[in-house]
Amino acid sequence: MPQIERNEPFLQRLVESFRAFLDESVVRAVASDYELCKKPDFAAAIEVLQSLSENVVAEENSGFNPSGVAGFQDGESQDAIDAQTLTSATSLSQHLSGNQETNSTSSASTSDPADATWVAPRVTSFNNDSKEDKILQLHAMFPELKTFDVEYALKKYNNDFQSALDHLLNMQYLEETGQQTKGIDGFVQLKEPQKRKGKGKGRKRREPSPDTKNAVPAELIREAKEQSDIGYIAERFNLTFDSVSETYYEHDCSSPETVVALLDQRISQDPSLADDDSLLEAVTILSRKYRQVPENYLQAIVSATNSIIPFSDDLAQLVNKHFARSKKNKGQKLMLGNIMTPLPRDEIEGSTSPSPLGSPNRPAWALSPTKPATASSPLVAIAGAGGSFADAIKASQALQHARREASASAVHMHRKGASHGLYRQAAAYYAEQARGHARDAHAATSAAADLLVDEQSYGRSIDLHGVSVRDGTRIARQRAADWWAQLGEFKAQEARTSPLAIITGLGRHSAGGVSQLRRSVAAALLQDGWKMEVGTGQFIITGRR
Numbered sequence: 001m002p003q004i005e006r007n008e009p010f011l012q013r014l015v016e017s018f019r020a021f022l023d024e025s026v027v028r029a030v031a032s033d034y035e036l037c038k039k040p041d042f043a044a045a046i047e048v049l050q051s052l053s054e055n056v057v058a059e060e061n062s063g064f065n066p067s068g069v070a071g072f073q074d075g076e077s078q079d080a081i082d083a084q085t086l087t088s089a090t091s092l093s094q095h096l097s098g099n100q101e102t103n104s105t106s107s108a109s110t111s112d113p114a115d116a117t118w119v120a121p122r123v124t125s126f127n128n129d130s131k132e133d134k135i136l137q138l139h140a141m142f143p144e145l146k147t148f149d150v151e152y153a154l155k156k157y158n159n160d161f162q163s164a165l166d167h168l169l170n171m172q173y174l175e176e177t178g179q180q181t182k183g184i185d186g187f188v189q190l191k192e193p194q195k196r197k198g199k200g201k202g203r204k205r206r207e208p209s210p211d212t213k214n215a216v217p218a219e220l221i222r223e224a225k226e227q228s229d230i231g232y233i234a235e236r237f238n239l240t241f242d243s244v245s246e247t248y249y250e251h252d253c254s255s256p257e258t259v260v261a262l263l264d265q266r267i268s269q270d271p272s273l274a275d276d277d278s279l280l281e282a283v284t285i286l287s288r289k290y291r292q293v294p295e296n297y298l299q300a301i302v303s304a305t306n307s308i309i310p311f312s313d314d315l316a317q318l319v320n321k322h323f324a325r326s327k328k329n330k331g332q333k334l335m336l337g338n339i340m341t342p343l344p345r346d347e348i349e350g351s352t353s354p355s356p357l358g359s360p361n362r363p364a365w366a367l368s369p370t371k372p373a374t375a376s377s378p379l380v381a382i383a384g385a386g387g388s389f390a391d392a393i394k395a396s397q398a399l400q401h402a403r404r405e406a407s408a409s410a411v412h413m414h415r416k417g418a419s420h421g422l423y424r425q426a427a428a429y430y431a432e433q434a435r436g437h438a439r440d441a442h443a444a445t446s447a448a449a450d451l452l453v454d455e456q457s458y459g460r461s462i463d464l465h466g467v468s469v470r471d472g473t474r475i476a477r478q479r480a481a482d483w484w485a486q487l488g489e490f491k492a493q494e495a496r497t498s499p500l501a502i503i504t505g506l507g508r509h510s511a512g513g514v515s516q517l518r519r520s521v522a523a524a525l526l527q528d529g530w531k532m533e534v535g536t537g538q539f540i541i542t543g544r545r
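In terms of full-length UniProt numbering, the sequence shown is residues 1 to 545.
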C-alpha cells in the first residue's frame, strides 16, 4: 500500500482533532513531513501541532477582534468560547497518543501561565447556606420577581445557587422585555387549519409552493418588530414593558413619537430638570452631536437614563429623527426654539469647560485604568501609558499580526528541520516569539478595554458594553473595589445613598437572551461579597454583605 494511503487515516484524525485550533492547510503541511503510520512520527507531529495550537487558545481568550471595531466581540463570540478550544493541548496530545496505543510520552506543555484558559467565576460562597438563606439572598437581588419564582428556581436546580441565579437572570430578562408568558396564555398553541372534505374529494389537491410554506406571515413580522421597539425603549427609560406599550400604540407605533411623548411627560412632572447642574456635562456632550434637539429634551433624556451615556445617545437619536421629520413637513411652521440648541459651554468664547477630574459626576476613581498592562512590548507601552482607545486597538492588531507571522515562520522552519538541526532550533525560537506576541496582544486588548470603559462610563455608572467577558469581569471587580475605597468614614451609609451601577446590558443579541458577560459579572460580584440588586441591564451595588 502506498505511503500516502497508509498515512491518510492518521492525517484525518489530526485534522479533526486540531480543527478548532488550526487551519486544515497548516495541519496537512506539518503532517506531510512525517510518516504518520509510524508511532514515533505520529507523536512528533502531535507535539508540533500542540505547540502551535497553544498560541491560538491565547488569542481567543484575549477577546481580540481583527476588525478593530469598537466592541471587540461579534454577536456573542465574546460570551462563549467553543468548548473544543477550551481543551488543553496537553490533554489532546495524551488522548491521541493513547489511541495509538504507544508508550511514548508527549512533551510537557510549554504554555505560559498567562496563557492558561480563563474560567468564568462561579458563586460558591452560598453553598453551605440553608435553603431559606439562599431564598432571602436571591429575593433581595430580584425584588421585582415573586417569591414563588425564586423558590421554584432553587427547587428546579436542587438548591444550586449558581444555576438558580442564571435561571432568574433569564427570567428577569423575559419579564423586562415582555416576553414572559403568564397564565393560560403560555399554553395557547396555534391550530393547524383542517382539511376540507366533501366536494373536492376526487379533485387533485394543489400543494403550496415552498416559498409559501416557509414564508413568515407579515402579521408576525410586524408584531415582532413592535415588541422589539417597545422593549428597546423600556430598557433605556427603565420602565415596564406595559407602560411603554400603551404610549407606543397611542402614537401609531412610532418609536421617535413615543420617546418624545415620554419625555414630555417627564418634563411636565419635573420642571426642575433645567436647574440640575449634575446633568450639565452629559447634556453638553449630547448637544454637540444633536443640535436640533432642544436642551430641555436633552436634560430629560440624561435624567431618564440615569446618565448612562449609550442609553442617552440612543434616545437622543430617536428624538433627533422626530425633529428632523417635523422640519421637513410642509405647511408646518416650526418655532425657532424647537430647532436651535445653545452652543456647548466650552465652545463659547471666554468660557472654561468643566474638568471631569474630581467632579461629582465623573470621579477620578472611575477614570483610572484597572491594573495597567505590563509593558513587555513597546506597542503595549503605547496602548497602556496614556494612549487612546484607537492606539490600543492598533497595537493589539499589530501584535496579533506579528504572532501569526511568527507561527507561520515556525511551521516553515520545522518543515526544513529534517535537513539540519538549526532549522529545528529556529522553529522553537519562532514558536516562543509567537507565544510572547500572544501575551502582549492580550495585554494590549485589556488596555483597550479599560480605555473603552472609561470613555463610555459616567458618574457612578460603569458601562461594560463592547468588552470581552474576561476583561469585563476584571474591570467590574476592580472598579467596585475602587468605588468602595473612595467612600468616606461611613461607607455603609454612603454606599446606600450613592450606589454604583455596573452596566452589562440585557444580552438581547446573546444566545438564550442572557449574555455570558452578565452571568459572569453577577457571579464575580456576589463571590466578592457585594450587596446588589439586579436592574434592567445593570447591577446596582449598595454595599457589602
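Every residue gets a Cβ at the ideal spot worked out from N, C-alpha and C, and that includes glycine.
Nonlocal neighbours in the same chain, by C-beta distance under 6 Å from residue i, ignoring five residues either side
i    : result
E24  : V15
I462 : R479, I502
A434 : N55, R403, A406, S407
D229 : S255
W483 : L500
8 Å Cβ cutoff met for residue i and residue j
i    : j    : result
Q538 : T504 : yes
A438 : S396 : no
A495 : G535 : no
L49  : R28  : no
E533 : P143 : yes
R236 : L315 : yes
Y34  : F21  : no
P40  : A523 : no
D166 : R519 : yes
A153 : L168 : yes
P499 : R474 : no
A300 : L263 : yes
V293 : V259 : no
Beta-ladder partner(s) of residue i, from DSSP
i    : result
D313 : DSSP lists no partner for D313.
R544 : W530
L500 : I541
Y458 : S461
Closest by C-alpha distance to residue i, when choosing among the options
i    : options                : result
R403 : D440, A392, I393, A390 : D440
A492 : L517, R545, I540       : R545
L159 : I135, S243, F148, H139 : The residue asked about is misnamed: residue 159 is Asn in this sequence, not Leu. Of I135, S243, F148, H139, the residue nearest in Cα terms is I135.
Y430 : V411, A444, R415       : V411
S446 : D391, I541, A324, L263 : D391
N128 : V119, W483, F161       : F161
T497 : I541, L280, E151       : I541
Q172 : A44, R13, V150         : V150
F18  : S32, L52, A44          : L52
Cβ-heavy atom distance, residue i to the ligand NAD, below 7 Å
i    : result
S303 : The ligand NAD is not part of the structure shown, which contains no ligands of any sort.
Same chain, Cβ closer than 7 Å to residue i, five either side skipped, listed in chain order
i    : result
E257 : H251, H322
A282 : V302, S307, I309, S312, Y458
K333 : Residue confidence for K333 is low, a pLDDT of 44 falling below 50, so the modelled location carries little weight; the figure read from the coordinates is stated next. There are no such residues.
A261 : T247, H251
R6   : C37
Through-space distance from residue j to residue i, alpha-carbon basis
i    : j    : result
R288 : S303 : 18 Å
L525 : F490 : 21 Å
Y232 : S130 : 38 Å
H420 : E8   : 27 Å
V123 : S163 : 9 Å
Q400 : A428 : 19 Å
A234 : N306 : 14 Å
Q516 : S245 : 29 Å
F126 : F148 : 20 Å
Q425 : V469 : 37 Å
V30  : A398 : 26 Å
F241 : C253 : 14 Å
V467 : T284 : 26 Å
Q137 : D528 : 14 Å
I46  : G488 : 58 Å
N266 : R291 : Note that residue 266 corresponds to Arg in the displayed sequence, not to Asn. Each residue's Cα considered, the two are about 21 Å apart.
L26  : V119 : Looking at the sequence itself, residue 26 is Val, so the reference to Leu does not match. Straight-line Cα distance between these residues: approximately 28 Å.
R13  : Q486 : 57 Å
Contact set for residue i: own chain, Cβ-Cβ below 8 Å, skip 5 residues either direction
i           : result
S388        : L451
residue 550 : Because the chain in this structure spans residues 1 to 545, residue 550 falls outside the shown range and cannot be described.
L279        : L273, Q299, V302, S303, S307
V155        : The amino acid at residue 155 is misidentified as Val; the sequence shows Lys. Cβ within range, chain order: n/a, list empty.
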